[in-house]
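Take the sequence shown: its letters are residues 245 to 408, numbered as in this note's numbering.
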Amino acid sequence: MIHWKSYPFLDKTEPNSTMKAESLLQQAQFVCQKKGARFTKVREQVFLLLANRQGAVGAYDLLSELKELDAAAKPATIYRALDFLSKQGFVHKIESINAFIMCHHFGECDHPVQLLICDECGHVEEIQSNNFDLALRTMADANGFTITHQIVEAHGRCKNCNNV
245 MIHWKSYPFL DKTEPNSTMK AESLLQQAQF VCQKKGARFT KVREQVFLLL ANRQGAVGAY
305 DLLSELKELD AAAKPATIYR ALDFLSKQGF VHKIESINAF IMCHHFGECD HPVQLLICDE
365 CGHVEEIQSN NFDLALRTMA DANGFTITHQ IVEAHGRCKN CNNV
């Protein structure tokens, strides 16, 4: 379950357990070491801020949290860190709502991303459908198009909001 804190009527940032965040951090450090990517202190701090929250968050909300750890942090600091984390596959950017979410299966490097976004409550569900991916790639191939990166965002109402 993922909730986007920036919706004004929703503030459900229920943090994950510290143990889970530390486990994710260890996995991320291992991935970076394997790739030869530098996992700097600021990148780790931003990673942990995302790992310790349940849901999507905007860059400026993250910047506010980062400033509690590093008063000198600037918007460029957060955007560089988010860019790095995104390139490593640790986070996904939700373009339509300009927010970021932690990817909890980042070992599957550059996997297709399909997001279901509830416009009522802000719930974001990452799904993986090989059938959807295959259908999209087949249509792209038929049009002479090569997909290099895939993030599909579908907006609607989640099952909880549909049941209200």
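The C-beta atom is built at its ideal place from N, Cα and C for all residues, glycine as well.
The stretch 329 to 385 contains, as complete beta strand (DSSP E) runs of 3+ residues, the segments 335 to 338, 343 to 346, 357 to 362, 368 to 371 (chain order).
Residue pairing by DSSP places I395 opposite V357 in a beta bridge. Out of R324, T382, V396, the CA that lies nearest to the CA of V368 is found in V396. DSSP places N406 in the uninterrupted alpha helix (DSSP H) bounded by 403 to 406. About 5 Å separates the Cβ atoms of F350 and F334, confirming a contact at the 8 Å cut-off. Boundaries of the alpha helix (DSSP H) around F291: 285 to 295. According to the DSSP assignment, A303 belongs to the alpha helix (DSSP H) that extends over 303 to 313. Ranked by Cα distance from S267, the first of K285, K403, N296, S340 is N296. If the five residues before and after T284 are omitted, its C-beta is found closer than 6 Å to no C-beta atom of its own chain. Inclusion of V408 and A343 in the CB contact set at 9 Å is not warranted, their separation being larger than that value.
By the neighbour-count definition (other C-beta atoms within 10 Å, threshold 16), F274 is an exposed residue.
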